[in-house]
Every structure is written in C-alpha cells, then in structure tokens.
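The structure appears below as structure tokens.
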Amino acid sequence: MTNSNDSFLPVNNQTIIVTLLGEYLFKKKWFSFCTESWNLAKLPYPIYIINDGSLSIESKEKIASMGFIVAPEIDVDAAVNSILSNYPAIHEIRKKSILFKKIIDTSIFFTEKKMLFVDSDVIFTRRFILPSDAPSLLFCIDEIPGYGGSWQVPLRHPIVTGLNSGFIYFDPAIIDLNYLEYIAKKYFLKTKNIWWLEQTCWALLAGRIESKGIFEGKDACVIGGFKKRTAAEVRLNKTTYFRRYNGVSDLKTIESLIGDAAVVHCAGSGKQWIQPIYQKMIDNYDHEQVSPLQWKQVENASYKERILIGARMAIKG
C-alpha cells in the first residue's frame, strides 16, 4: 500500500519499533522512565508512534523531542478505513477497543516493515539487539494466559498459551484479516468484556503459523504486581492458570523475578516497579555492551492447556 506521506516511513524493509500512545500517559510518572530507557538502549531502529486519537499538539512535540516519529494520523486512518471497509466486524471491534490499533493499524500502515511493538509500560534495563534469525512472530510469555471472548475459542481453534502482546516482534504478513473478521464476527462482537480481545487475536494468529517463537525468559519477561510465578518459572517461560498468589511489596522480590532481563514488561499493577527498576539500573548502566535477545521455538497449546485456557475465559467472562 502506498501512503500519501512516505517521508514519514522508513526506507526499504528496515525494522522499526512501534508503540501506541495516548494523552493520559504523559500524566504518568512511570512513562518517562520507560521512554528514557528506550533511548538509552540506542537501538538501531526508528521508533514510530501510533496515536490513539487523544494526543495533544504539545504531547506530539514532546514525542518529537524524544526522537520518536508520530505516524501522521490522517494517513493512518485513511489507510485503515480503506481496508476495513471490507471487514465490518473488525471495524466495529476496533471502534470499541483502541488496543486493536496495535494489531490492525500497525500491520495495515507499515505493510512492508518487520515490526517490534512495544507497550508504553515496557522498560529496557540494558542494551540489546533483536535476533537476526527471528521467525515471523516472537513474543513474551505472560504470567497467565490473559485472553478474552468466548470460552469456546481455544477449544475450536489452534492457539498458543500465555502470549503477551506488550513486546512482540512480527512480520505484518502474518495478520490474516479474513481470519480475524471471522473470529470477530462469530465470537467477539457478542462479548461484553472487550479486555484482552486484542491479545487473544495475537494468540490465535500464532496458532495458525509455523514460524513462531518466544523470547527467552532470561532476556525478556513480564511481571505484574503479584507474584504469580517463581523466578524459575519466569526463566523457563512457564505460564500459570489457577493459583493463589500474594502481592509483591519489596523490590528485592521483583529483582529476583526479572534477573538480568534486558526487557521487562511491567504489566497492570506492576507499573509501580518501573521507577525503582529504572533508578537501580541507571546507576550501573553499561553503555557499551550489546547482546542479542535469545529465543526458542514454541508449539501450540496442548488440548489440556486449551481446556485450562477455556476454563479461565469462562470464569473471567
């Protein structure tokens, strides 16, 4: 697809970083620590911003001062609306949840660029580069399989377990709009709770392709405000389904969970740990050493895992 403002786009097939930002983030203290860590990492990829529709002129100027590029909203919307005129169910679900901009807008607007999508609550604790031998999709394993929609979905369709879409490296060619239209129409438009639907789409798309993997837990991990996994489970990329857990009240526990990970997604109530993580890492930051993130292949969820995923979805509603 040709966009009307190609000067904003990277040349050739250069890998890019993309994130979705809204005005509310500029009122969150933790957000600045995340963006500062992205710049400290000095990644050789330009960072593009997808506007959730709420960014002010002042915030756009601040984004530009960070060295990031705001994708022109008028061009993004024109490209997306043109394509989605043929996909009414996706169009409707995107209106209900801005999170679908992560999967829809990015893949439609940046059609020929391999992308690293990074959520706004992801902090880079050290320098790294992306693996040169990456498959079509790489993602992190979450504490739980945070999926939404009908409990029938994982029982009827191939899916991966524990996918977290906060740090995901992908080829936009894997985004099958025909399949997502079918899923949205059959299941999602009937769902009252739209939370996690976008993440479910990623997990379903992953279930349909062979070329996929997960970042090693020692290099990239997800933590929340509760201790849902042990440090060993984080390293081994284990997700949990039903478990009693307690809140985390000390930085030492958080440090034991993340270890030496270069990428930490502080999801949900885990955002409270972004500032102390940043302040601890900045004192000993190595500006010279750079290492590639490691990954390994991942299989689809087993039938037992699919039953557990479905049970969680039925309970969560």
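Following the working numbering, the residues of the sequence shown are numbered contiguously, the last one being 332. Note that beta-carbon positions come from the ideal geometry of N, C-alpha and C, so glycine has one too.
Specify, as a first and last residue, the run of the alpha helix (DSSP H) that residue i falls within.
i, result
"TYR293", "289-297"
"LEU212", "212-222"
"ILE189", "Careful: ILE189 lies outside any alpha helix (DSSP H) and carries neither H nor E."
"MET328", "318-331"
"LYS75", "72-80"
"LEU99", "88-99"
In terms of residue numbering, what span does the beta strand (DSSP E) encompassing residue i cover?
i, result
"PHE230", "227-230"
"VAL237", "235-238"
"HIS106", "Where HIS106 is concerned, there is no enclosing beta strand (DSSP E), although the alpha helix (DSSP H) it sits in stretches over 103-111."
"ASN179", "178-185"
"ILE156", "152-156"
"PHE139", "137-139"
Considering only residues of the same chain and omitting the five flanking positions on each side of residue i, which have a CB-CB separation below 8 angstroms?
i, result
"PRO59", "ILE144"
"ILE183", "LEU131, PHE132, LEU152, LEU153, PHE154, CYS155, TRP217"
"ASP301", "ARG141, ARG142"
Using a Cβ-Cβ cut-off of 6 angstroms (strictly less than) and excluding sequence neighbours within five positions of residue i, which residues of its own chain qualify?
i, result
"THR17", "Annotation note: pLDDT 35 at THR17 (below 50); position unreliable, coordinate value reported separately. No residues qualify anywhere along the chain."
"LEU192", "TYR102"
"SER22", "Note that SER22 scores a pLDDT of 49, beneath 50, so its modelled location is shaky; the value from the coordinates is reported in the next line. There are no such residues."
"PHE41", "SER74"
"PRO169", "ARG321, ILE324, GLY325"
"GLU196", "TYR102, ALA104, ILE105"
"LEU266", "PRO291"
Is it true that the CB of residue j sits closer than 7 angstroms to the CB of residue i?
i, j, result
"SER135", "ILE209", "no"
"ASP120", "VAL137", "no"
"ALA86", "ILE105", "no"
"ILE108", "PHE115", "yes"
"PHE241", "TYR256", "no"
"GLY239", "GLU158", "yes"
"TRP211", "GLY283", "no"
"TRP45", "ILE289", "yes"
"GLY61", "ILE31", "The sequence shown places Pro at residue 61, rather than the Gly named in the question. For PRO61 and ILE31, yes; Cβs fall inside 7 angstroms."
"PRO187", "PRO307", "no"
"ASN315", "PRO160", "no"
"ALA247", "LEU272", "no"
"ASN28", "GLU127", "yes"
"ILE78", "TYR63", "no"
"ILE198", "ILE224", "no"
"THR206", "THR254", "no"
Does the ligand COA have even one heavy atom less than 6 angstroms from the beta-carbon of residue i?
i, result
"PHE125", "This structure lacks the ligand COA; in fact it carries no ligand of any kind."
Could you tell me which residues DSSP puts in a beta bridge with residue i?
i, result
"THR34", "ILE64"
"MET130", "ILE31, PHE185"
"GLY285", "None, per the DSSP bridge assignment."
"VAL249", "According to DSSP, which records beta bridges pairwise, VAL249 is partnered with nothing at all."
"LYS267", "Paired residues: none, contrary to the question."
"ILE144", "PRO307"
"GLN167", "DSSP, once it has assigned bridges, lists no residue as partnering GLN167."
What does a CB cutoff of less than 7 angstroms around residue i pick up in its chain, not counting 5 residues either side in sequence?
i, result
"LYS117", "LEU35, PHE132, SER180, GLU213"
"GLY228", "PRO150, LEU153, TRP310, LYS311, GLN312, VAL313"
"GLU38", "SER69, LEU70, SER71, SER74"
"LYS110", "none"
"ALA276", "THR140, LYS233, ASP234, ALA235, CYS236"
Is DSSP giving residue i helix, strand or coil here?
i, result
"SER306", "strand"
"VAL279", "strand"
"ILE209", "coil"
"ILE174", "coil"
"LYS44", "helix"
"PHE115", "helix"
"PHE125", "coil"
"PHE203", "helix"
"ILE273", "helix"
"ILE84", "strand"
Any Cβ of chain C within less than 7 angstroms of the Cβ of residue i?
i, result
"GLU270", "This model lacks chain C altogether, as it is built from one protein chain only."
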